[in-house]
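A.B. asks: Chains A, B, C and D supply the protein sequences, listed in that same order.
Each residue of the first sequence is one higher than the one before, starting from 126 at the first, in the numbering used here.
Each residue of the second sequence is one higher than the one before, starting from 8 at the first, in the numbering used here.
Each residue of the third sequence is one higher than the one before, starting from 12 at the first, in the numbering used here.
Each residue of the fourth sequence is one higher than the one before, starting from 63 at the first, in the numbering used here.
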Amino acid sequence: AGCASDRPVAGTAAPTASAASTTAPAAATSSGTGEQSKFFVQADYDAQLGMRAQTPEGPAGRPWEQAVAPGEKADTGEYKKDGPYHLCFSNAAVNNPWRQVGWKTMQAEVALHKEITEFTALDAEGKDDKQISDIAELTGKGCDALIVSPNTTATLTPAVTAACPKLPVIVFDRGVDTDCPVTFINPIGGYAFGADGAEFLVEKVPAGGKVLALRILPGVDVLETRWSAAKVAFDKSELDVVGVEFTDGDAAKTKSIVSDYIQRHGKIDGVWMDAGATAVAAVEAFEDAGRQVPPIVGEDQQDFLQKWKDSGLTAVAPTYPTYQWRTPVIAALKILKGEEVPKTWKLPQPKITSESLATYLRPDMPPLHYALCGCEDLPGFPAKWGGK
Amino acid sequence: MTGQNGLRPARPLAAPETAAPAAGPRGRAALAGRIGSTQVIYLALAGVMLVGWLLVAVDGGNFLTLETVVGIQQRSAALGIVAVGQTLAILVGSLDLSVAYLISLTSLVAAEVMAGQDGGIVPGVAAVLAVSALAGLANGLIITRLHVHAFIATLGTALIIRGVVDHLYDGPAGSVPESFQRLGYDRLGPVPVSALLWAGVAVAAWFLLRRTRLGYRIYAVGGDEEVARLSGVRTGRVIVATHVLCSVCAGIAGLLLAGRLGAGAPTVGTDGGYDLESIAAVVLGGTALAGGRGGIPGTVGGVLLLAVLDSVFNQLEVNAFVKDVVRGVVIVAAVAVYARRTARRRSR
Amino acid sequence: MRALRSMGPIFLVLAVLLALIAVANPFFLEPAGFLAFLKRAAPLVILAAGQYFVIVSGEFDLSVGSLVTVQVVVAARLIDGSEPATWPVLALLVALGLLVGLVNGVITTGLRVPSFITTLGMMLVLSGAVFLWTGGAPRGALSETFRMFGRKDLGPVPWSVLVLLVAGAAAILLMRSDFGKRLIATGDNERAAGLSGVRVGRTRVLAFVVSGLAAAVAGILLGGFAGVSAQVGQGLEFQAITAVVLGGVALGGGRGSVVAAMAGAFTLEALFTLLNLHGVSGALEYAVQGVIIAAVAMGTVRLPFRRAARV
Amino acid sequence: MILRMRGIAKSFLGVRVLSGVDLEAAAGEVHAVVGENGAGKSTLMKILAGVHAPDEGGVEIDGVPVSFAHPVDAQRAGVAIIYQEFNLLPERGVAENVFLGREPVRRGLVDRAVMEAATARLLEELGETSFSPRDLVRHLSVAQQQVVEIVKALSQDARIIVMDEPTAALADHEVELLYRLVARLRERGIAVLYISHRLREVFDLAARVTVLKDGALVKTVRTAEVTSDELVRLMVGRDLGAHFPPRDGRAGEVRLSVRGGGNAVLDGIDLDLRAGQILGVAGLQGAGRTELAKALFGAEPFTRGEMSPLRPTSVRQAVAAGIGLVTEDRKAEGLALRQSVRDNALLVSRSVRRGGRDDVRRLLEAVRLRPPRPEQEVRYLSGGNQQKVVLAKWMTVAPQVLLFDEPTRGVDVGAKAAIYDLMRDLARDGMAIMMISSELPELIGMSDRVVVMRDGRIAGELPSGSSEETVMRLAAGEVSP
Ligand SMILES: Nc1ncnc2c1ncn2[C@@H]1O[C@H](COP(=O)(O)OP(=O)(O)OP(=O)(O)O)[C@@H](O)[C@H]1O
Ligand SMILES: Nc1ncnc2c1ncn2[C@@H]1O[C@H](COP(=O)(O)OP(=O)(O)OP(=O)(O)O)[C@@H](O)[C@H]1O
Ligand SMILES: O[C@@H]1[C@@H](O)[C@H](O)OC[C@H]1O
Ligand SMILES: [Mg+2]
Ligand SMILES: [Mg+2]
């Protein structure tokens with residue numbers, strides 16, 4: 126038997142996650158926000174905050190086809206081939222509602238295109254090791270293009286690197302530490318998300334007000350960037366961040382933590398969150414304590430939007446839109462047709478405000494549905510997404 | 008069951024004059040041994056492969072391609088190595104719920120010590136072995152010296168390791184040199200190096216159980232700790248040694264995963280579900296959860312069965328929820344079959 | 012008296028933890044503060060009581076965590092925000108809990124599958140099946156009435172605390188009843204129990220049914236407390252087992268009291284609260300938990316020997 | 063003297079179990095140790111075997127003081143012990159059991175060949191050919207397992223072998239074989255410490271006997287210089303007089319009857335149990351006596367034949383029909399050891415929801431449990447007292463028929479007498495009793511009639527007062543009924 130290796134060829138960028146920990150600004154930590162995250166990268170922060178103001182290019186009303194500050198385009202001539210196409214997808218997991226909505230949206234998008242005759246998707250169930258095998262397996266399946274939603278940035282890098290020479294690779298949502306994929310697609314990003322919420326609180330909460338920051342768990346880059354941008358905003362403000370707590374994304378734990386803070390501090394004047402899944406639990410903690418719900422940051426999850434409307438909250442919902450699950454399919458077809466795509470494809474990332482709430486809130490969707498699915502025009506909506 | 012006349016099988020007495028000849032226990036033992044639980048698991052494995060092959064063929068695919076064969080091996084290597092260690096722990100009458108967190112920890116230790124340098128490989132491997140042996144030692148000592156039930160003791164160490172890992176790490180860290188990544192990616196024809204590593208660990212453990220004093224005593228302690236102790240076995244040492252071996256297996260799995268991921272990752276062990284899945288694979292392979300009965304070949308079969316199932320699911324693109332349901336049913340059904348066989352044997 | 016002595020250590024530990032909480036947060040001593048603690052602890056205490064029945068009979072129930080998740084997800088989808096649907100669905104959830112317990116019990120005793128495996132399999136099947144049914148994520152919504160039990164108060168007392176009182180009293184009475192005595196005898200020596208006329212299999216099945224029922228009640232309280240979520244039950248099985256062991260109940264069966272098991276759950280909850288109060292959250296929380304669990308388990312496991320000296 | 067134990071004292075958690083005990087044995091001597099249940103015999107032997115460390119006193123072997131921290135140390139010093147409880151691994155082979163903890167190794171690896179050859183040689187020496195070194199212990203009969211235990215002790219090249227009630231699980235017939243083994247050990251110059259409640263064995267085998275009472279040494283005497291009655295007096299501290307209570311010989315109506323009963327083990331069982339009578343059941347080990355009791359009790363039911371009042375298919379049916387069983391193995395089948403005396407005594411009544419349960423104390427007095435402490439965990443009771451709790455358990459439901467399987471196994475002389483009296487009282491009150499026993503004197507002394515079982519069948523019935531020899535012949539199949 127000959128000796129073979131499925132390992133990425135030498136010379137490609139070695140994955141160094143901790144290399145991201147470049148110069149963290151030595152910001153004041155007086156407001157209770159603690160040390161700045163090792164994930165904070167000033168240049169990325171500046172870029173993302175800048176992008177928020179830019180008008181995206183692309184067809185109006187179809188944000189999943191738009192690109193913010195597209196910049197360098199990838200030349201895709203070498204991948205051009207005739208249909209029909211066989212697309213493949215290595216999915217990190219469908220282990221949370223956000224990914225559920227996205228996954229349904231992607232399947233519906235695939236169904237739109239007659240020229241995709243085969244679509245092979247493998248679910249890594251949140252296991253890095255399995256996803257590595259999955260990617261290897263898919264590269265041998267005769268796919269015309271490979272879409273990857275990596276489970277972990279650093280650890281999936283070698284597998285993606287290995288796949289790149291064999292077929293066009295499209296990465297979306299979480300990234301990888303190599304630029305070998307033809308394009309990397311995701312919304313503006315975590316800094317913008319975190320800043321949107323924090324800036325809202327800085328504006329709405331009176332100076333000296335007590336703010337509680339709720340984070341899901343440490344160490345996930347998309348979440349770390351959200352917090353680090355919020356920290357920058359809070360550190361510059363007059364607000365007093367009385368606590369930064371981890372909720373594990375667990376509603377019961379969230380509610381308990383918030384209740385404890387209300388008890389201990391008598392009054393909480395604002396709540397920041399790095400993800401909205403448990404926002405309703407936080408709101409209820411105030412209700413159950415018989416308090417006015419202070420300004421709060423949520424996300425575009427249905428139950429929160431509904432609560433917002435019903436209780437007339439002072440709130441904002443930054444988003445990390447699930448419509449990004451449509452884009453990789455569109456990108457794959459463009460690539461296979463030889464059309465150019467942005468090397469780094471940034472999708473617009475709107476925030477929902479009290480003014481725009483009505484346009485995003487759709488009654489009769491399930492509580493954990495994400496409003497920015499961009500799926501309303503897809504066949505099967507709303508039933509396929511659990512609505513009625 | 009026995010003869011028409013209802014007489015039970017002749018059971019020889021110690022007294023020579025009433026001793027029954029050949030038809031005695033030897034014959035029965037041979038009969039019971041003919042289709043052991045190990046054979047059952049391999050029959051099941053063959054069955055699943057056949058069904059899988061059929062289903063995939065009907066689906067218009069080809070089950071046994073190079074990619075799937077390599078995939079099955081790659082997918083089972085890490086779980087296989089942990090399960091071998093878990094087999095030892097279960098055989099001695101214990102169990103280890105801390106392996107998942109230990110795998111995360113050791114993947115990080117490996118990647119941090121290696122720091123991308125070839126020169127770091129030897130110290131990295133040594134550090135992993137040391138750390139994991141230490142964790143096993145702690146498990147073993149808590150169980151034997153402090154008399155804490157293995158379930159709670161290893162759950163406790165799991166939480167402690169988790170605390171340490173979560174405290175020190177926010178995400179993947181360290182890096183593994185290219186040469187070490189070959190462990191995760193190279194293959195000899197259709198056989199990945201990782202599968203060879205697994206085979207090596209399995210053979211070593213098998214040899215240990217069959218040919219060494221420690222192996223004999225693992226069975227003895229698992230069979231009946233008091234009997235072993237009164238027979239002069241230092242049972243505490245056996246349990247501690249077994250836990251050290253079990254943890255070292257988890258450490259080796261951590262090394263392999265670091266090689267595959269190119270870095271250490273604080274969640275690679277728990278995401279992989281290596282704690283409960285390794286236990287499931289072991290009992291699927293016919294090792295008694297109570298200890299003292301079973302062995303490595305069964306576990307290898309159990310792990311392969313899970314991997315083949317996974318591969319079939321993958322090819323048929325069955326969704327993860329269906330997989331969980333099927334896995335749950337398969338595990339319970341397999342153990343029910345073993346239980347039936349044991350009960351039949353006992354009732355004779 | 013003897014019973015009290017045998018519970019000694021866990022109550023001591025609990026008392027110390029409660030005192031520490033009170034020092035860190037004086038509000039805890041006020042009725043409202045203490046009731047809030049009880050309310051939070053109620054689901055785990057009820058689960059621990061259910062788990063106790065299984066453990067004292069010599070078995071494990073690893074399926075309760077996923078059963079709790081299933082309860083909440085099923086409730087949301089079936090109720091779908093409709094008040095009138097609430098009561099029938101509540102009845103259905105209880106039936107579902109009983110059914111899962113029954114299946115666990117029958118497979119364990121009838122097919123002689125070790126309960127560790129039976130309930131591990133059940134855990135996989137349950138979580139797979141429910142999300143298969145809902146298409147991956149919870150859908151629908153809970154009604155106000157449903158949420159009342161976990162969220163609202165009756166006068167000054169939270170509903171959950173009332174439910175907890177009823178469940179706790181029921182558990183104590185059940186253990187004092189003939190069934191309880193048969194159960195603990197079964198866990199102690201199954202053959203002797205069988206040869207004394209105890210229907211060992213049926214008794215164990217009932218223990219699983221009690222645990223399933225407890226999970227149903229805990230699920231209703233948790234869903235009520237915090238609303239729909241796909242991961243309410245995550246890890247609860249280990250917490251419940253840990254709580255029972257903290258209460259000095261021997262894994263393997265035949266020993267320990269249900270009151271102590273519930274005290275174990277309170278202790279665990281008090282520990283969480285205390286760690287939170289001291290800002291030991293996130294990473295180190297687990298490490299501290301691990302150390303304390305090992306330490307307390309050690310103390311309680313030793314207890315019977317100490318007591319023997321006085322006999 | 064090869065062995066000298068001097069001034070041995072031992073307490074368990076503050077309770078003194080042994081104090082100031084001396085014991086010695088010479089090479090080639092069989093030295094018996096006797097005493098009531100709980101006298102401390104096993105504890106003394108476990109100290110010698112390194113299981114427990116003595117609190118006071120010392121052990122000398124060949125005049126050299128030794129102290130053992132672990133059983134393995136005692137093994138190395140030449141002490142082997144056959145424990146009172148079986149001590150083998152059912153799932154392992156004979157050879158593995160024999161060499162457990164001392165597996166021969168060559169270049170670090172276990173040498174199976176040597177192990178099996180050595181085991182085979184020892185088996186052969188003992189004239190045991192019915193099984194081989196590779197057989198799993200789980201497939202062996204109790205008697206065969208006993209042989210494995212002995213081989214295990216012999217394989218250690220021990221110079222001191224302790225046998226703690228080696229015949230408790232053997233029928234008289236098999237005891238003969240053991241006698242021969244002991245004789246061989248003696249010839250080899252091995253010192254044998256022999257513990258038994260059966261005084262006949264003591265006189266048959268031992269040159270000297272040491273009597274323990276309440277953890278203290280009473281006396282060491284030459285067997286040639288004492289009578290059996292004197293020995294009993296030494297053990298009990300009083301004269302027991304007549305061993306068996308008188309029968310009154312009046313048989314009442316038939317309470318239970320079987321015709322042609324059979325299952326996988328039993329065949330053609332015809333049997334009547336009458337009110338007021340004690341029916342003795344004799345037979346060799348494995349003849350199916352326990353099976354018979356369990357079949358009558360519905361635990362391993364008959365699958366053929368007639369039985370009245372009914373043929374029970376479950377324990378509960380039998381209990382409902384007024385049948386009770388005092389099992390042969392108290393600890394494994396009779397009691398929930400960690401529960402209280404009260405909970406054990408009430409277990410039957412609680413599971414069939416019948417019978418009184420208020421006056422547990424009176425119940426305990428009725429079975430002569432002293433002191434009658436209902437809250438005590440039964441594991442802290444002596445063997446005889448535990449047996450009384452088992453009896454109390456059945457008294458709560460007032461059965462018509464009570465089956466006793468080896469009711470005095472491992473029970474001391476004093477407690478035995480109490481159990482005999484109780485059984486006779488119950489019969490006098492109209493209960494029908496069946497008594498299985500491997501001790502022929504007791505069986506003959508207690509029974510109004512004796513049936514003998516062989517190979518799952520009833521080989522014959524003998525009237526009361528038959529000789530032990532008649533019974534044995536029938537049991538071994540040498541005489542047709
Ligand atoms: N490990 C132990 N812990 C506590 N008490 C013990 C222990 N072992 C023995 N005992 C107690 O020590 C006393 C002596 O027991 P031992 O087993 O030596 O008696 P024995 O003479 O062998 O009785 P038997 O004839 O019933 O075998 C008893 O009261 C027993 O309950
Ligand atoms: N080691 C064994 N292996 C297989 N079967 C056994 C074994 N021991 C007992 N049996 C089964 O039990 C049945 C009867 O044996 P049992 O020991 O009950 O006889 P017994 O006459 O009651 O003897 P005793 O009461 O002295 O133990 C046999 O038919 C046999 O099938
Ligand atoms: O990026 C995140 C996605 O990967 C995760 O699965 O769900 C939440 C998102 O914010
Ligand atoms: Mg004894
Ligand atoms: Mg018998």
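Don't be surprised by glycine CBs; every beta carbon is placed ideally from N, CA and C.
Predicted, not measured: the structure shown is a model, and the values here were computed from it.
How do the segment 258-278 of chain A and the segment 297-311 of chain A stand: do at least 3 beta-carbon pairs fall below 8 Å, yes or no?
C.D. replies: Because the criterion of three Cβ pairs below 8 Å is met, the segment 258-278 of chain A and the segment 297-311 of chain A touch.
A.B. asks: Quick one: is Gly163(D) near chain B, going by C-beta distance under 8 Å?
C.D. replies: Yes, its Cβ sits closer than 8 Å to a Cβ of chain B.
A.B. asks: Under the criterion of a Cβ to heavy atom distance below 7 Å, does Gly476(D) qualify as lining ligand 1?
C.D. replies: Every heavy atom of ligand 1 is 7 Å or more from the Cβ of Gly476(D), so no.
A.B. asks: Kindly identify the DSSP beta-bridge partner or partners of Tyr210(A).
C.D. replies: DSSP lists Ile241(A) as partners of Tyr210(A).
A.B. asks: Verify the CB distance criterion: does Arg224(B) have a CB-CB separation below 8 Å to chain A?
C.D. replies: Chain A contact via Cβ: absent.
A.B. asks: Any C-beta of chain B sitting closer than 8 Å to the C-beta of Ile304(C)?
C.D. replies: Interface residue, yes.
A.B. asks: Answer yes if the segment 237-247 of chain B comes into contact with the segment 184-198 of chain D, meaning at least three C-beta pairs across the two stretches below 8 Å, and no otherwise.
C.D. replies: No, because fewer than three Cβ pairs between the segment 184-198 of chain D and the segment 237-247 of chain B fall closer than 8 Å, the two stretches do not touch.
A.B. asks: Could you round the C-beta distance between Ile331(D) and Val320(D) to whole angstroms and report it? I think they count as a contact, below 8 Å.
C.D. replies: Indeed, because the Cβ distance is near 5 Å, the residues count as touching under 8 Å.
A.B. asks: For Arg373(D), does the count of other Cβ atoms within 10 angstroms reach 16, so buried, or fall short, so exposed?
C.D. replies: It counts as buried.
A.B. asks: Quick check on the DSSP output: the beta strand (DSSP E) that includes Thr97(C) runs from which residue to which?
C.D. replies: From DSSP, Thr97(C) is part of no beta strand (DSSP E) but of the alpha helix (DSSP H) over 97-121.
A.B. asks: Whose CA, out of Ala194(A), Gln167(A), Ser258(A), Val235(A), lies closest to the CA of Trp470(A)?
C.D. replies: Checked all of Ala194(A), Gln167(A), Ser258(A), Val235(A); the closest Cα to Trp470(A) is Ala194(A).
A.B. asks: So Lys217(A) is in the alpha helix (DSSP H); what residue range does that whole segment cover?
C.D. replies: Per the sequence shown, the amino acid found at residue 217(A) is Ala instead of Lys. Run containing Ala217(A): none; DSSP gives neither H nor E here.
A.B. asks: CB Tyr204(A) to CB Pro306(A), shorter than 8 Å?
C.D. replies: Against a cut-off of 8 Å, the Cβ pair of Pro306(A) and Tyr204(A) comes out as no contact.
A.B. asks: Which of the three DSSP states, helix, strand or coil, is assigned to Val193(A)?
C.D. replies: In the structure shown, Val193(A) sits in a strand (DSSP, three-state: E or B).
A.B. asks: By Cβ distance below 6 Å, which residues in the same chain neighbour Val289(B) in space, the five residues on each side in sequence not counted?
C.D. replies: Excluding positions up to five away in sequence, the list reads Ala90, Gln93, Thr94, Ile97, Thr306.
A.B. asks: Ligand 7 and Phe74(D): does any heavy atom of the ligand fall closer than 7 Å to the residue's C-beta?
C.D. replies: Here the bound small molecules are ligand 1, ligand 2, ligand 3, ligand 4 and ligand 5; ligand 7 is not part of this structure.
A.B. asks: Only counting runs of 4 or more residues, tell me where the alpha helix (DSSP H) segments fall wholly within the segment 200-276 of chain B, in order along the chain.
C.D. replies: Taking only runs of at least 4 residues, the alpha helix (DSSP H) segments lying wholly in the segment 200-276 of chain B are 200-218, 220-230, 232-237, 242-268.
A.B. asks: So, for Leu55(C): in the same chain, excluding its five sequence neighbours on each side, which residues have a beta-carbon less than 8 Å away from its beta-carbon?
C.D. replies: Counting only Cβ-Cβ distances below 8 Å, and skipping sequence neighbours, we find Ala229, Leu247, Gln250, Ala251, Ala254, Ala276, Leu279, Glu280.
A.B. asks: Give the DSSP bridge partners of Gly275(C), in chain order.
C.D. replies: In DSSP, Gly275(C) forms no bridge with anything.
A.B. asks: Comparing alpha-carbon positions, which option in Cys289(A), Ala496(A), Glu324(A) lies nearest Leu430(A)?
C.D. replies: Checking every option, the nearest Cα to that of Leu430(A) belongs to Ala496(A).
A.B. asks: By Cβ distance, which residues of its chain are closer than 7 Å to Phe64(C), with the 5 residues on each side in sequence left out?
C.D. replies: Once the five neighbours on either side are set aside, the close Cβ partners of Phe64(C) are Leu194, Ala218, Val221, Ser222.
A.B. asks: Considering only their Cβ atoms, is the gap separating Glu292(D) from Ser258(D) smaller than 8 Å?
C.D. replies: Result no, Cβ atoms of Ser258(D) and Glu292(D) do not sit closer than 8 Å.
A.B. asks: Looking at the strands, I want to know which residues DSSP matches up with Asn149(D).
C.D. replies: BP columns for Asn149(D) are empty, so no partner.
A.B. asks: Quick one, which residues of the segment 226-252 of chain C are near chain A if we go by CB-CB under 8 Å, in chain order?
C.D. replies: Result list: Leu233, Phe236, Ala237, Gly238, Val239, Ser240, Ala241, Gln242, Val243, Gln245.
A.B. asks: Please classify Gly175(A) as buried or exposed, where buried requires at least 16 neighbouring CB atoms within 10 angstroms.
C.D. replies: When all chains shown are included, Gly175(A) counts as exposed.
A.B. asks: Taking all protein chains shown into account, do 16 or more other C-beta atoms lie within 10 angstroms of the C-beta of Gln137(D), making it buried, or fewer, making it exposed?
C.D. replies: The residue is buried, with at least 16 neighbouring Cβ atoms inside 10 Å.
A.B. asks: Enumerate in chain order the residues of its own chain whose CB-to-CB distance from Val79(C) is below 7 Å, with the five nearest sequence positions on each side excluded.
C.D. replies: Excluding positions up to five away in sequence, the list reads Ala226, Ala229, Gly230, Leu233, Val243, Gly244, Leu247.
A.B. asks: Could you pull out every unbroken alpha helix (DSSP H) segment of at least 4 residues lying fully inside the segment 304-376 of chain A, listed in chain order?
C.D. replies: Qualifying alpha helix (DSSP H) stretches, in chain order: 315-329, 346-361.
A.B. asks: So, helix, strand or coil for Val454(A), using DSSP?
C.D. replies: DSSP places Val454(A) in helix when its eight states are reduced to three.
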